[in-house]
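Participant: Before I ask anything, here is the structure I am working with.
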Amino acid sequence: MKLDDGIDKEELEEVTGPAKSYARYGALGIQMVAFLAVGVIGGRWLDGKLAWKFPLFTLLGVAFGLVGSLWFLFKEAQRK
2 MKLDDGIDKE ELEEVTGPAK SYARYGALGI QMVAFLAVGV IGGRWLDGKL AWKFPLFTLL
62 GVAFGLVGSL WFLFKEAQRK
């Protein structure tokens, strides 16, 4: 099937297919880092407000960031 500008649809899919995958997984990596960053920054902020010697909320933030990013990863993997 030819598109309006004379490009074959199958050829277009062949060229753009890998780019879509790279963009999808690249965005997934950025989102995983964002989950972790929010957890760490939020945890450090709470630890600073409470002035505790043990960084409890930083550790909890890292744990929640990891759980959130893994949950998002599995959710995206099931979509395909």
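In terms of the working numbering, the sequence shown opens at residue 2 and continues consecutively.
Every residue, glycine too, gets a C-beta built ideally from N, C-alpha and C.
L74: which of G43, F58 and A28 sits nearest, CA to CA?
Facilitator: With distances taken between Cα atoms, L74 lies closest to A28.
Participant: Considering K76, what are the terminal residues of the alpha helix (DSSP H) in which it resides?
Facilitator: Element bounds for K76: L57 to R80.
Participant: Just the C-alpha distance for G44 and E11, rounded to the nearest angstrom, thanks.
Facilitator: Each residue's Cα considered, the two are about 49 Å apart.
Participant: Pick helix, strand or coil for A52, following the three-state DSSP scheme.
Facilitator: DSSP places A52 in coil when its eight states are reduced to three.
Participant: Kindly indicate which residue of W46, L67, Q79 and L57 has the alpha-carbon position closest to the one of A35.
Facilitator: Cα-wise, what sits closest to A35 is L67.
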